[in-house]
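Accompanying notes for the structure given below.
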Amino acid sequence: MNADSILERGPLLVRDWLVSFLPEPARWLAGSLLAITAVIVAFASLFALLTLIERKVLARVQNRPGPNRVGIPLTKIRLFGLGQPLADGIKMLTKEDIVPRSADRVLHFLAPVALLAFAILTFAVIPFGRHLVPVELEAGVLYFFAAGAATELAVFMAGWASRNKYSLLAAMRALAQLISYELPLLLSVVPVVMLAGTLSTTGIVERQGGWTFGLLPQWHVFTPWGAAGFAIFFVAALAESNRSPFDLPEAESELIAGHLTEYSGFKYALFFMAEYFGMCALCGMGVTLFLGGWQAPLSFLAFIPSYIWFGAKLMTLLLAFMWVRATLPRLRIDQLTRLAWKFLVPLALVNLGVAAFWSLSADWTGAVRLTRWLIAAMLLAGPFVLLGRKLTAGLAPRIYRYAT
Amino acid sequence: MMALILIALVTLASAAAAMLLRNLIHSALLLTASWAGLAAFYLWAGAEFVAFAQVLVYVGAISMVVLFAVLLTRPPQPMPVTPPNTLGRALVALITGGAVLGVFIGAIVSSPLPATAAPAPTVSVKQLGLELAGRHAGALLIVGALLTVALLGAVVLAATDREPVGASLDDVRGRPPGTPLQKSGDAP
Amino acid sequence: MLGSGLLSGLAVTAKNLVGSFHDPARLTTVEYPEQQAKLPEAYRNFPFLVSENATDPMGTLRCVACQICEKECPPQCIYIEKSKDKKPDATGKLQLYPAIFDIDTSVCMSCQICVEVCPFEAIKMDQVFAIATTDRFDALLLKREQLAKPNAYYHTIHPTEAAEVDARLATERKAAAEKAAAAAAAKAAAPKPPAPPPAA
Amino acid sequence: MIASDISPLASRLSSGAHTRAVTDPFHGDLLEVSMGPHHPSTHGVFRMQVTLDGETIVKLKPVFGYLHRNHEKLGESTSYLGSMPYTDRLDYLNSMTNNWAYALAVEQLAGQPVPERAEYLRVILAELTRLLNHTCLAGFLLQDCGCSGTPLMYAFREREKILDLFEALSGSRMMCNFQRFGGCRTDASPEWLAAAKQLTDGYGAFLDEYERLITGNEILMARTQGVGALKPDLAISAGITGPMLRATGVDYDLRKVDGYGFYPRFEFRVPLGDHGDTYDRYMIRVLEMRESIKIIQQAFATLPAGPVMDPKAKLRGFRPKPGEAYGRIEGPRGEIGFYLVSDGTPNPYRYRVRPPSFVNLTLLEDLCLGHTVADAVIILGSIDIVLGEVDR
Amino acid sequence: MSLSSLQLCLLFSSALFCLGLMAALSRSNTILVLLGVELMLNAANVNFIAFWRYGPNPEAATGVVFVLFAIAVAAAEAAVGLALVIAIYRHQKNIRLQEATRLKG
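Quick mapping for you: the protein sequence lines, in order, are chains P, E, B, S and Y.
Counting in the numbering used here, the first sequence runs from 1 upward without gaps.
Counting in the numbering used here, the second sequence runs from 1001 upward without gaps.
Counting in the numbering used here, the third sequence runs from 2001 upward without gaps.
Counting in the numbering used here, the fourth sequence runs from 3001 upward without gaps.
Counting in the numbering used here, the fifth sequence runs from 4001 upward without gaps.
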């Protein structure tokens, strides 16, 4: 609740204290570097943890315990396998770096680096806490998507530069996927920008700050257009971060490892890291745009520092990603593009209309307020059912006959 | 000033390399780099919004479309290194380009252009939005219509009429190996 | 409606995720070297040779080097050489014994046919499966000395089967002993009757 | 381009470029991809030489034989009994049914009767094998569809229980080597029967869970419905058998047609598909599993007492009279048959296997043409092959 | 001779323009020609931004607005142009501009 509590300002105070040892002109630079380091270190360790959590979650879903042996090195302490990322890292670092003879060496090298660079760039505008935004940009949302759009280019580079046929197919798929899903992703965000009236990420979070009845949060996801937008955003984010069921570029049952087929060792690790970074960034954006950013979910819980709430929401979304991965089969490339163009994009456009209606009806009061909800929900449900029926036309569970 | 020169050099160098290279994928990627350089220039000039739009549209979308087009139009054989008349055409292009550049440089250097506005002007997103939806609303609508028409046109142009999946195995079977799936309507 | 199938799938995985923390049926693995699943009695891996007692395994092998198993073994992984001399078996009867009895476990496919065809209950299936080694050649070629294991061991790994075998052997031996005794008695009696008539 | 416009240098360079184009996959419309023999989803060492237009398959050449072990010739140089463990290794998921088919052939050859209890046991084990195989198939197919292992792991969880039963009965999980000419090797103990009954009774619940997980899944339906559709007449003329044939709507199940074993004593239905596509092939197997459960439950209810081995059956020195015999049963993948010619010696004169996966695989190209690479993988998965049987 | 920032920007843009022009004139690959045209459009955008930045009336933001429109138009041009390239490729199996002489397929 208290925006200036010591916990809330904690990271800033630490930064100021550290910087205070430096002469005045260097302070600004040192402060920025410190922020960058903090973000990278935090997300690198989150990445290490996530690789373990993902394997654990997948294993638990599949009735296995998952990695649980590597603990503290040279002791018998296992710590639920927390040492696994370290062991994996050492393995990756010590593996031979193989570049195919016919590969395009420069691009082959540049691809993982570029991917990681772009993935890290996207963290710049995400508000991790009340006072924790690395860069406060007026057009932050636009910046985020601009930086994120370049990641698939790196995937293409990797696929093309490997000069492996599977990688080439993966490169084509990556391009098709990006072109298809950039649009619904952006369109799902437009209503938020429209209703928040700002492109700044902090502004959007602050707009979700109020309490209904002094208790319930006013996050965007709790409005009809917000819920629909969040669903579209979630699906498109899955596709943008190449996660199952949209992991076509690296579809292991068809393309071996797709664009990663010819990567080994540290470059492979960089890819892996960049992929998780991208996923974290997209989830962070989803939290910011729809789930109230760093706002507490209930008004009396606001004493907990904002960055903890952000982290909790981020983790929840990431777990949802893993849950989806553990359950769903992969789409085919034509189905993937059809889903984007024939379902998500029209639905996002309808959602835009609903958001417009919502903003026009903002001054309705009393019982009419309820009808506003109903109308918005109906406006969304109708197209959803119709488009869904169109999309799954001809597909249905079948009744089977038996020989007599 | 130094930043500007650096940005300009990087942009120009990658653009020049893109135009000279024979490998189309390299060209496209280098051109993407040069577009990113232009975005850096816009950032330097204080046009934040334009810079992000440039990255989003050029690096994020147009480069993809270009790469896609390059991959979809792989020639049956690698293009010959020097197609006929290339030297002549290159010479003509060089002369024309050089002349135009010369004229431009002469004009720019000789005209007394004042460099006012030492502090970079800023234009807020809100102001930009108001401009777009206010004074330039008509143009905005026209651009919207143009984009829609362009999208439809592109789809119509590029649409393939592939054989329906699993249609006639005999057609596929009967073809000599190596011939592509091609509709009869496409025969020259 | 679109999505109902996806949601029901998600519900199943969520149930399994939660179930894995409290329901043993949803966390079915064991952690191998520390915990081991109990092997069923019928489990078979590679053959071993049964000897009557542990103190002198080579001397009390049931195997009489009849070479039936060598002939019947489908992948032909058994190699036997008969002894030149004979030794008394458990019943005291003089029998040949295997001078060499090798089983190449890198070839053996654990089919148990040698056990089924052996008329002397001399070869049985072992349950030791962790026989990995760093030596590709000799370590997997098991010699007579490595193969011989006492009957008591057989009882620990296949108790029911071993009890049946022992009972069967006991009856056979008893019958053999009775037969031998009868024969001996007959033999003892036989020379007697026609006592050479005293010279008249 | 006309050759005469090219300068000598350029022509040299371009001819060099031309020779490169022959081997260079990065030019031209078609892409030749060799999927396998080392590929995550070719189910062993199978290879598909695929020619792609974009992602669409215009040509597919199946290449196999990487796992050839000379099975049939080996069968002629080993005794009749000695071939039994080798049949385990044909289709190494379904050793029980392979054993039965082989035993059936030899029993026909030698005129060997089989005790009633052994016949019941064979039915139970064959249906358990069918459960095992179809469960595995469902798991593998969904793995090929791109599920991250979850359905496969659930399938393996249940398969493991069946394998435990097999291990407790025969001593080995997969290489059962259980049937003998004239019965079964050992009898099932009451505890085993109780455990098997418990498993069968609980299997329906597992199938329900599995179907909730995936059968109604829109993505699965989109991936499989209408993919790799097979016409009944083509299937019949190609000799397709098993669930793949029944998915096209042809009512042909050896359990009904031949009525071997004691199958006529049990009540069960044969599910038939109408489209013959991948979804039908998957669903037919799920429905067959439900029928198998019924068969096993009936068999448990009426299991007679008695010996499981004909006392007159010979183990050593088995020499059938000269003659020939063909024994076939409805294996989980289709008709598995063994053809034997005896010349009166301990070894068969001719030993021939009719492997269902091999015959079913012959239509792979017809099923895949016009579909994408991703479809080829699941079509292959739905044909349900085991390379041990295909290559022999 | 010292150049003002504006002049530098303009030199930059004219160099870019001429690069695009030369590419469009000399290359026979349709895609590269299109990219050359894109470069020329970009050079124009640089000019707009430069004059907005150093012009007498930066508050008006007209330059920025114009660039935004130009980017949109360029996107449309790229989409249609590349679709044309693909259509040409489908007819003549290559994308050499000299050979694309027929209007009818």
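Quick reminder that beta carbons are idealized off the backbone N, C-alpha and C, glycines included.
Given the structure is predicted, the values throughout are model-derived calculations rather than measurements.
Item	Value
With a cut-off of 9 Å, does the C-beta of Gly1097 (chain E) fall near any C-beta of chain Y?	yes
Taking 9 Å as the threshold (beta carbon to beta carbon), is Val1065 (chain E) in contact with chain P?	yes
Helix, strand or coil for Met1001 (chain E), going by three-state DSSP, please let me know.	coil
Find out if the Cβ-Cβ distance for the pair Phe277 (chain P), Pro112 (chain P) is shorter than 9 Å.	no
Just to make sure I have the definition right: I need the residues of chain B whose C-beta is within less than 9 Å of the C-beta of Leu328 (chain P). Which are they?	Leu2006, Gly2009 and Leu2010
Between Thr2028 (chain B) and chain S, is there a C-beta pair that is closer than 9 Å?	yes
In the DSSP assignment, what residue or residues form a beta bridge with Met3035 (chain S)?	S:Met3048
Show which residues of chain E have a CB atom less than 8 Å away from the CB atom of Met172 (chain P).	Phe1068 and Leu1071
Kindly say whether Gly2003 (chain B), judged by its beta-carbon, lies nearer than 9 Å to any beta-carbon of chain S.	yes
Does Tyr143 (chain P) come within less than 9 Å of chain E when only Cβ atoms are used?	yes
Who are the Cβ neighbours of Met172 (chain P) in its own chain at under 7 Å, not counting the five residues just before and after it?	none
In three-state DSSP terms, what is Thr3135 (chain S)?	helix
For Arg243 (chain P), I'd like the list of residues in its chain whose CB is within less than 7 Å of its CB, leaving aside the five on either flank, ordered along the chain.	Met279, Phe321 and Arg325
Who are the Cβ neighbours of Ala3105 (chain S) in its own chain at under 6 Å, not counting the five residues just before and after it?	Ala3325, Gly3327, Phe3338 and Leu3340
DSSP on Gly3381 (chain S), reduced to helix/strand/coil?	helix
Secondary structure at Cys2111 (chain B), three-state DSSP: helix, strand or coil?	coil
Which residues in chain Y sit within 7 Å of Met1002 (chain E), going by Cβ to Cβ distance?	Those do not exist, as Met1002 (chain E) stays about 11 Å from chain Y at its closest Cβ, beyond 7 Å.
Helix, strand or coil, according to DSSP, for Gly1098 (chain E) in the structure here?	helix
Looking only at C-alpha atoms, which of P:Val345, P:Ser299 and P:Ser264 sits nearest to Lys405 (chain P)?	Nothing can be reported for residue 405 (chain P), as the shown portion of chain P is limited to 1 through 404.
I'd like the ranges of any alpha helix (DSSP H) spanning at least 4 consecutive residues and lying wholly in the segment 299-346 of chain P.	306-327 and 333-338
State the start and end residues of the unbroken alpha helix (DSSP H) segment that holds Arg417 (chain P).	Residue 417 (chain P) cannot be examined here, being either before or after the span of chain P that is shown, 1 to 404.
Determine the direct distance from the alpha carbon of Leu169 (chain P) to that of His3039 (chain S), and round the result to whole angstroms.	15 Å
Output yes if chain B places a C-beta closer than 9 Å to the C-beta of Met3175 (chain S); else output no.	yes
What are the boundary residues of the beta strand (DSSP E) that Arg3328 (chain S) is part of?	Gly3323 to Gly3331
Taking all protein chains shown into account, do 16 or more other C-beta atoms lie within 10 angstroms of the C-beta of Glu2164 (chain B), making it buried, or fewer, making it exposed?	exposed
Would you mind reading off the limits of the beta strand (DSSP E) that contains Tyr3339 (chain S)?	Gly3334 to Ser3342
Cutting at 7 Å between CB atoms, please list the residues of its own chain near Val2947 (chain S), excluding the five before and the five after it.	Given a span of 3001 to 3392 for chain S in the structure shown, any question on residue 2947 (chain S) remains unanswerable.
To the nearest angstrom, report how far apart Ala1167 (chain E) and Gly2019 (chain B) are at their CA atoms.	With a pLDDT of only 38 at Ala1167 (chain E), under the threshold of 50, the placement of this residue in the model should not be trusted, and no figure is reported.
Name the chain B residues whose beta carbon is nearer than 9 Å to that of Ala3168 (chain S)?	Pro2040, Glu2041, Ala2042 and Tyr2043
Nearest-angstrom Cα distance between Glu2031 (chain B) and Ala1015 (chain E)?	60 Å
For a contact meaning CB atoms closer than 7 Å, what does Asn3217 (chain S) contact in chain B?	Gly2005, Leu2006 and Gly2009
Could you give the C-beta distance for Met1019 (chain E) and Leu4010 (chain Y), rounded to a whole number, given that I count them as a contact under 8 Å?	The pair is not a contact, with the Cβ atoms about 21 Å apart (cut-off 8 Å).
Using a C-beta to C-beta distance shorter than 8 Å, which residues of chain S count as neighbours of Thr2013 (chain B)?	Thr3150 and Leu3213
Taking contact to mean 3 or more Cβ pairs, one atom from each stretch, closer than 8 Å, check whether the segment 2156-2175 of chain B and the segment 2130-2145 of chain B are in contact.	no
Give the DSSP-derived three-state secondary structure of Gln3179 (chain S) in the structure shown.	strand
Quick check: is the beta carbon of Glu2172 (chain B) nearer than 9 Å to any beta carbon in chain D?	Although the question refers to chain D, the structure presented lacks it and instead comprises the protein chains P, E, B, S and Y.
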